Every structure is written in C-alpha cells, then in structure tokens.
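Residue numbers (the working numbering): 205 to 928.
Have a look at the structure below before the remarks.
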Amino acid sequence: MTALSMVWGAMGVQAQTVSLISDDEETILQTLVVQAASDELKQALGVSTITAEDLANKPSGRDVSEIIRTMPGVNLTGNTATGQRGNNRQIDIRGMGPENTLILIDGKPVLSRNSVRMGRQGERDTRGDTAWVPPEMIERIEVIRGPAAARYGSGASGGVVNIITKRPETTTVTVSSYLQVPEHVEEGGTKRANIAIGGPINDVFSYRLMAGGSWTDPDSTNINDEATEDTDSPAGREGVVSYDLRGLWSAQIDADNKIDVEATYSRQSNIYAGDTLLRGGTSAGSLAEGLADIGAETNRVERTTLSATHYGTYAFGDSESYVQWEHTFNHRLKEGTAGGGEGEINATDEYNDITLDNLIAKSEWDLPVDMIWNQTVTLGAEYRGEFMSDPTVQDQSPFTDASPGLGVTLDPAERDPDIEAHLAAIYAEDNILVTDQLTVTPGIRLDWHDRFGINFSPSLNASFKLTDEITLKGGIARAFKAPNLFQLNPNYYWNSRGNGCPPGMGPCAVIGNPDLDPEISINKELGIAYANLDGWAASLSYFHNDYDNRIVAGTTSYGQINGGTNVFRWENSGPAVVSGIEGNLTVPVHESLTWTTNFTKMIESKDLTTGQPLSLVPEYTINTALRWEALEDLGLTLSATHYGKISPRTVDARGEPITDVAELETRDPYTIFNFGLDYKPTEQLKISAGINNLFDERLFRTGNGANTYNEPGRTYYLSLAGTF
205 MTALSMVWGA
215 MGVQAQTVSL
225 ISDDEETILQ
235 TLVVQAASDE
245 LKQALGVSTI
255 TAEDLANKPS
265 GRDVSEIIRT
275 MPGVNLTGNT
285 ATGQRGNNRQ
295 IDIRGMGPEN
305 TLILIDGKPV
315 LSRNSVRMGR
325 QGERDTRGDT
335 AWVPPEMIER
345 IEVIRGPAAA
355 RYGSGASGGV
365 VNIITKRPET
375 TTVTVSSYLQ
385 VPEHVEEGGT
395 KRANIAIGGP
405 INDVFSYRLM
415 AGGSWTDPDS
425 TNINDEATED
435 TDSPAGREGV
445 VSYDLRGLWS
455 AQIDADNKID
465 VEATYSRQSN
475 IYAGDTLLRG
485 GTSAGSLAEG
495 LADIGAETNR
505 VERTTLSATH
515 YGTYAFGDSE
525 SYVQWEHTFN
535 HRLKEGTAGG
545 GEGEINATDE
555 YNDITLDNLI
565 AKSEWDLPVD
575 MIWNQTVTLG
585 AEYRGEFMSD
595 PTVQDQSPFT
605 DASPGLGVTL
615 DPAERDPDIE
625 AHLAAIYAED
635 NILVTDQLTV
645 TPGIRLDWHD
655 RFGINFSPSL
665 NASFKLTDEI
675 TLKGGIARAF
685 KAPNLFQLNP
695 NYYWNSRGNG
705 CPPGMGPCAV
715 IGNPDLDPEI
725 SINKELGIAY
735 ANLDGWAASL
745 SYFHNDYDNR
755 IVAGTTSYGQ
765 INGGTNVFRW
775 ENSGPAVVSG
785 IEGNLTVPVH
795 ESLTWTTNFT
805 KMIESKDLTT
815 GQPLSLVPEY
825 TINTALRWEA
835 LEDLGLTLSA
845 THYGKISPRT
855 VDARGEPITD
865 VAELETRDPY
875 TIFNFGLDYK
885 PTEQLKISAG
895 INNLFDERLF
905 RTGNGANTYN
915 EPGRTYYLSL
925 AGTF
C-alpha cells in the first residue's frame with residue numbers, strides 16, 4: 205500500500221515530506237522547504253549580515269556605522285548633497301541619501317532623528333539613529349538593499365539596517381570595555397564600557413538588563429586651519445556622550461505563545477566643536493566660537509521606548525505582533541532659522557525643546573498553504589502615528605500680511621506648535637516554490653496616509669537555480685517615503701533676505717506644504733550568485749532606482765508675505781536616477797586563511813532636472829580583508845578600503861552655476877588600511893586590539909567642493925570582553 209503524507213513545519217516554514225510506506229519499511233524520498241517571504245528576501249543579492257563575531261573581531265569606535273559602511277552599496281555621507289553638516293556622516297545606501305535609510309532595532313523602527321529641524325536643502329543637524337545600542341550588545345546587523353527592503357514601508361527606498369540585540373540563553377554576565385586612542389592629539393578618541401546580565405529565571409520567565417556609556421572627544425577647534433590656511437576654518441567632528449539602559453522581560457506562556465516586554469532609555473549629548481550650517485565653522489569672536497572653545501553641550505537627544513511583542517507558533521502558521529511607543533526629547537540651544545544665520549547658535553541659555561512621539565503597531569502572519577505549489581503566504585498590517593510638538597514655530601517672525609490662500613498664520617503666538625500624521629498599511633506576500641529550481645515572491649503593500657491618501661507598493665522577487673552552485677536572482681519593487689512633519693507643517697517656515705532665494709526672487713520664505721505626495725522609487729536588481737561547499741562564494745548584481753516625486757524646496761512663488769517676500773513651498777520635484785554595480789568575492793586561500801572583497805560602482809546618482817548628485821558618494825568603493833586564524837584562539841585581520849573620486853555639486857543652493865574654482869574641488873581617491881588581532885586566552889575572556897588607518901592617510905574638511913568631512917589619522921584601539 206502507498207500513502208502520501210504532509211508535515212507542516214514551524215516558524216513560518218512549510219516542509220513537504222513525500223514518503224513511500226510498505227509493510228516493513230518507510231523510505232523518505234525528499235523534503236522541500238518553503239520559507240516565509242521575509243526569510244526568502246533576506247537571501248536576496250542586496251542583503252548582507254554582520255555578526256557579533258565580526259563586531260568583536262573589529263570593534264567599532266564612535267558608531268556601528270563604521271562597520272556597516274563596509275558592506276556592498278553602503279557609504280557614509282553628510283545629511284545632504286550640498287556638503288552642509290559634512291561631518292555628521294550617516295548610513296547612505298546605494299546613493300539614495302541618509303533620509304532614505306530606515307533604521308530598525310529588533311525589527312522596530314527608530315525615528316528619533318526626525319525630531320531634528322530640517323533646513324531648506326534637506327539637511328539636519330543629526331548623528332543618525334545607528335548608535336542607540338552599544339556594539340557589544342548586538343547579536344547581528346542585517347543590511348537590506350534594493351527591492352528586498354520595500355516591504356518595510358516608508359523610508360526604506362534606499363534600504364534597511366536592522367540591529368538585532370543579544371538574548372542570553374543561559375544565565376550570564378558580560379562586561380566589556382573599549383578604548384580608542386588617536387595618534388594625533390587634535391583628533392578625538394573614544395572610551396566605552398558596558399555590562400549585561402540575563403538568562404532564564406525558571407521554565408517560563410527570562411530577563412535581560414543592559415547598561416552602558418560611551419565618551420567620544422571632539423576634534424580640536426583648529427584641526428582644519430592648516431588645510432584651509434584660515435583661522436575661521438570649517439569645524440571637525442564633534443564629541444558625543446552616550447548613556448544606555450535596556451531591560452527585557454520575556455514569558456514563554458506555553459509551547460505556542462511567547463511575550464516580550466521591553467523598556468529602554470538612551471541619552472546622547474554633544475561636545476560642541478564649532479560646526480555651523482552655512483559656513484561650516486565659527487567666526488572669530490562669535491558666540492559659537494566661545495562655546496566650542498570650552499567644549500560646551502549645545503544639544504541633547506533623549507530616546508525612551510516601551511514595547512510589547514507577541515510571538516505565536518501554531519499548527520496553521522506563525523505570527524509576530526508588537527506595539528511600541530517611542531518618545532524623543534530634542535533639547536538644543538536656540539539657533540538662527542533664517543538667512544545667513546541659519547543653523548548658527550545665537551544663545552547660551554535659551555533652548556528649543558522639540559518632542560516627537562511615535563506610536564507603532566504591527567502584526568505579521570506566515571501561513572503555509574497547500575495549493576498548486578508549495579508556498580507560504582505572509583499577511584500583515586501596520587500602523588504608525590507621529591506626534592510632534594515644535595515650539596520653534598512660535599519663535600519665528602510675525603507676518604504683517606499674506607496673499608490669500610497661503611494658509612499661513614500671521615501672529616506667531618497663534619501658530620499651532622503641534623502637528624501629527626497617521627499612516628496605516630496592509631500587505632501580502634507569497635513565497636512560492638514553483639519548481640525545485642524556481643522560487644518567486646510576489647507582494648503587494650497598500651498604505652494610507654491621512655495627508656496624501658493611498659499608495660500602492662507592488663513587488664516581485666525571484667530566484668532561479670542554474671546549478672547547485674549558481675543562482676540567478678532578481679527583483680523589482682515600488683518603494684516610497686512619506687513627507688516628514690516639518691515638510692507638512694504650514695506653520696514651519698524658513699526665510700532669507702535674498703542670498704538663499706532663486707535669482708531675482710528675494711527676499712523669500714519656504715513654508716510647509718500639507719498637500720505633498722510621497723516620494724516614489726522603482727527599485728530594480730538583477731544578478732548572479734555562486735557558492736560551493738569548499739567556501740568559495742561570489743556575486744555580481746546591477747541595481748537601478750528610478751526616483752520620482754522627491755521633496756525639495758520649490759522655486760515657484762505661491763504668493764507673498766510682508767508686502768513683498770515671495771513664498772515658496774516644499775514641492776514634489778521631477779525624476780532622478782540611481783544605478784550601479786555591486787559584487788563580492790570570498791576565497792578560502794587555506795583552511796585557516798580567508799580573503800573577502802566587495803565593491804560598489806556608482807554609475808549614476810543624480811537629479812535628472814538639475815543634473816546634480818543626490819549624495820556625495822565615491823564613484824566606486826572597494827572593501828577587502830584577509831583573515832588568518834593563526835591559532836585556535838588567535839585571529840589576525842588585515843583590511844583596507846579604497847574610495848574613488850567624489851565629485852561636488854556644480855549648482856548652488858539658489859540654482860545658479862558655481863563659478864568659484866575652489867568650490868568645484870573633487871575629493872581625490874584614497875585608501876585606508878587597518879590591522880587587528882583578537883585573542884581568547886580563556887573561554888570567558890576575549891581581547892581585541894589593532895590599528896586603524898595604518899599608514900596615517902589623513903584628510904581634512906575644507907568646505908570646498910566635495911571636501912566636506914574629516915578622515916581621521918592613525919588610531920590605536922583595545923577592547924576587552926568577559927562573559928561569566
């Protein structure tokens with residue numbers, strides 16, 4: 205007698221076992237596994253993973269962005285393509301800019317940087333959102349680029365960085381410390397210390413507690429003087445002081461249900477180094493210079509979260525659902541909000557306090573389905589509410605009069621400091637094993653925003669196995685980014701007496717526009733991957749993003765205020781394009797020696813209307829590393845990054861061609877070498893030490909053209925971690 209049996213796997217995986225049963229034996233023919241769509245998409249070409257071992261072998265200094273930027277398609281850039289705030293370097297994936305990179309912690313969005321005021325060119329005085337978790341507390345980091353990232357919704361047009369924290373399986377105490385010492389005294393070093401304790405309490409309950417602090421010194425206030433031959437040179441990197449507390453309580457209710465409750469508090473404050481928005485540095489005798497000389501704290505961001513997560517594992521499928529409240533308190537000395545003084549501190553004891561509350565809820569279900577093909581259907585729903593209170597709108601100048609229909613409030617005292625936006629979504633994906641060789645993953649996401657209405661985001665990803673070792677992979681997805689609260693708020697405005705206005709249209713003002721549409725990006729990716737059992741691996745992929753509806757400060761006057769000041773709004777602009785090639789290669793040179801290399805070649809990254817770059821990223825980037833497991837407990841790593849030429853903008857903020865030769869300077873190609881070793885003298889203790897920028901290749905911020913940031917010189921580091 206012959207029978208056919210089906211066994212459904214757990215954790216969003218469908219397993220089909222085909223059996224032949226006779227009177228005396230059972231023969232298993234094959235098992236086919238169909239993953240959930242989220243797991244399948246994490247195997248796309250545009251996905252990289254950084255492990256806890258990677259972070260321990262090559263510890264990050266100021267921020268884990270330092271190691272994230274070594275992934276294919278990833279660079280660090282300032283906030284905008286103008287070069288303003290150039291030393292505020294953040295994750296920029298595939299040239300789409302930091303604002304199009306969505307940061308997650310344990311799968312939950314991190315949106316604290318949205319509390320920082322946005323200037324006319326789209327810049328923010330923010331360090332990004334990748335430093336809220338100490339590197340020693342991270343289990344892994346997933347970097348997701350291109351079509352695979354579109355499933356995460358608004359803000360993921362460039363990609364997603366998912367920082368996943370450690371969960372101890374046994375009762376452990378981990379203590380870690382890190383010290384980075386620069387060779388040049390005018391550059392800031394870093395100290396860090398953390399402790400974590402956690403594990404099971406009994407068969408049901410477990411816990412995790414983390415506490416840590418990090419102290420990074422600022423660069424000297426005159427670090428760039430020699431390079432610019434000017435005592436009023438652009439500022440170097442500011443210092444940062446961080447404190448982190450994280451607590452997690454987990455309950456395994458039964459075999460099918462698990463609940464996590466987590467609370468976190470983080471505080472990041474700066475040590476001012478003198479940076480200003482338009483000049484890039486302080487002028488002699490200015491208020492900002494005095495603050496920089498004493499290393500004052502000029503801004504502080506506090507982030508608090510409270511979340512509850514439910515994990516379900518049932519016979520019919522699996523689920524993960526959470527609700528999270530994220531509160532950000534942005535406290536900073538008052539700055540100019542208009543004209544030549546924009547972004548320059550103008551008070552020593554008066555502060556602007558902006559609060560941002562984000563309420564996020566999500567539920568996702570993976571359901572194995574036995575139909576024509578083996579498949580797993582994913583269904584999800586998500587809600588994001590953003591609530592901001594920004595009293596700075598009441599500090600701005602009064603309007604004496606305004607053209608009809610502008611919707612501006614004349615009296616500052618009557619301007620509402622509160623604004624909110626709501627975004628709800630439903631989505632469906634189906635991971636289908638069409639044949640043993642072909643897997644396709646279609647998806648559709650529908651988002652509703654209370655300002656712009658409905659947005660559809662379809663996607664299709666596919667994988668085809670040419671052989672057991674060679675696979676073709678590709679995908680296409682429609683990604684989007686909702687306007688931020690500053691861009692939507694008609695009570696938030698920027699003004700100028702003329703220097704920041706389109707030619708012949710000054711004085712002018714730019715106000716928020718509640719009628720904005722979302723930014724749209726059609727992301728495409730196609731490539732080939734090779735891997736064998738001996739450890740050889742390689743991939744090559746082409747990506748192309750057609751970017752439309754970008755939100756920019758407009759150049760068309762909508763009317764006038766104050767009897768002659770032209771008013772512009774944030775507008776949806778014309779098309780832009782981003783394209784390039786990524787590749788990686790892993791060579792097992794010897795059983796104890798491995799060579800890995802990846803590269804990114806940017807083909808295009810520009811606004812098709814103006815011809816200007818979307819981000820100031822290198823034309824190409826090559827990361828390479830040689831890892832030698834010299835002894836069972838000793839590893840040595842020699843690594844290098846080579847950056848290609850960085851070209852500047854050729855049009856200024858007013859839209860006029862730049863004629864000053866100095867402002868058209870490129871940043872020439874350069875290479876940074878690093879050496880590190882890691883040693884485990886006992887099972888409980890790990891020591892890492894090394895030299896960054898081995899050959900002391902220093903670059904300085906001149907503020908001219910593409911020379912927008914400092915590349916620090918040779919530094920020495922030591923990291924100690926013990927687990928007991």
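We treat Cβ as the ideally placed atom computed from N, Cα and C, and that holds for glycine.
Since the structure is predicted, the reported quantities are computational estimates derived from the model, not experimental observations.
Helix, strand or coil: how does DSSP classify residue i here?
i, result
"E229", "Any answer about E229 is weak, because its pLDDT of 46 lies below 50 and its placement is not dependable; what the coordinates show is given next. Of the three classes helix, strand and coil, the one that applies to E229 here is coil, per DSSP."
"G592", "Reading off the sequence, residue 592 comes out as Met, not Gly. Strand, per DSSP."
"A621", "According to the sequence as given, residue 621 is Pro; it is not Ala. Coil."
"Q234", "Only weak support exists for where Q234 lies, its pLDDT of 46 falling under 50; the coordinates are left without a value."
"N406", "coil"
"A910", "coil"
"R905", "coil"
"E546", "strand"
"E915", "strand"
"M341", "helix"
"E795", "coil"
"S804", "At residue 804 the sequence reads Thr, which differs from the Ser that was named. The answer is strand: DSSP assigns T804 an E or B state."
"G213", "At G213, the pLDDT of 32 sits below 50, so the modelled position is not reliable and the matter cannot be decided from this model."
"R412", "strand"
"A241", "helix"
"E786", "strand"
"D882", "strand"
"S851", "coil"
"I427", "coil"
"N283", "coil"
"S223", "With a pLDDT of 38 at S223, under the threshold of 50, the predicted position of this residue should be treated as unreliable, though the coordinate-derived value follows. Correct three-state label for S223: strand."
Between residue i and residue j, how many whole angstroms is the CB-CB distance? I'm expecting something under 8 angstroms.
i, j, result
"N693", "V238", "So it is not a contact: roughly 46 angstroms between Cβ atoms."
"G357", "D750", "That pair is no contact at about 19 angstroms."
"I348", "K370", "Wrong, their Cβ atoms sit about 20 angstroms apart, outside the cutoff."
"I549", "T596", "Contact flag wrong, Cβ pair sits at about 14 angstroms."
"E466", "S511", "5 angstroms"
"N261", "P338", "The pair is not a contact, with the Cβ atoms about 16 angstroms apart (cut-off 8 angstroms)."
"N279", "T825", "6 angstroms"
"R905", "E387", "So it is not a contact: roughly 19 angstroms between Cβ atoms."
"G647", "S667", "Not really, about 14 angstroms apart at Cβ, beyond 8 angstroms."
"I345", "V268", "7 angstroms"
"R701", "G907", "About 22 angstroms; that fails the 8 angstroms criterion."
Can you tell me where the alpha helix (DSSP H) holding residue i begins and where it ends?
i, result
"E823", "E823 -> no alpha helix (DSSP H), and no H or E assigned at all."
"Q691", "L689 to L692"
"E442", "From DSSP, E442 is part of no alpha helix (DSSP H); its letter is neither H nor E."
"I895", "That residue, I895, is in no alpha helix (DSSP H); its beta strand (DSSP E) goes L889 to N896."
"L259", "A256 to N261"
"S380", "Careful: S380 lies outside any alpha helix (DSSP H), inside the beta strand (DSSP E) at T376 to P386."
Could you tell me the boundaries of the beta strand (DSSP E) in which residue i lies?
i, result
"S700", "Y697 to S700"
"A353", "No beta strand (DSSP E) holds A353; DSSP gives it neither H nor E."
"A565", "Y555 to D574"
"D752", "A741 to D752"
"A757", "I755 to A757"
"I271", "That residue, I271, is in no beta strand (DSSP E); its alpha helix (DSSP H) goes S269 to I272."
"L730", "E723 to A735"
"F772", "T769 to N776"
"I715", "C712 to I715"
"Q764", "G763 to I765"
Q) If we count Cβ pairs, one from each stretch, closer than 8 angstroms, do we get three or more for the segment 428 to 438 versus the segment 256 to 275? A) no
Q: Identify every run of the beta strand (DSSP E) within the segment 598 to 673, keeping only runs that are complete inside it and at least 3 residues long; order them along the chain.
A: 622 to 637, 642 to 653 and 657 to 669
**Q.** Any alpha helix (DSSP H) of 4 or more consecutive residues that is wholly inside the segment 458 to 539
**A.** 491 to 497
Q.
With a threshold of 8 angstroms, are at least 3 pairs of Cβ atoms found where one atom belongs to the segment 728 to 741 and the other to the segment 666 to 674?
A. yes
Q. Does the segment 523 to 539 come close enough to the segment 551 to 561 to have 3 or more Cβ pairs within less than 8 angstroms?
A. yes
Q | Cβ contact check for the segment 295 to 307 and the segment 872 to 882: 3 or more pairs under 8 angstroms | A | no
Q | Within the segment 289 to 315, ranges of the beta strand (DSSP E) (whole runs, at least 3 residues) | A | 294 to 297 and 305 to 309
Q) Contact between the segment 479 to 487 and the segment 436 to 449: three or more CB pairs below 8 angstroms? A) yes
Q. Does the segment 317 to 333 come within contact of the segment 270 to 279, defined as at least 3 CB pairs closer than 8 angstroms?
A. no
(Q) Can you confirm whether the segment 626 to 634 touches the segment 708 to 727 when touching is taken to mean that 3 or more C-beta pairs between the two stretches lie within less than 8 angstroms? (A) no
Q) Between the segment 448 to 460 and the segment 406 to 421, do at least 3 Cβ pairs fall closer than 8 angstroms? A) yes
Q. Using 8 angstroms as the Cβ pair cut-off and three pairs as the minimum, do the segment 599 to 608 and the segment 750 to 769 touch?
A. yes
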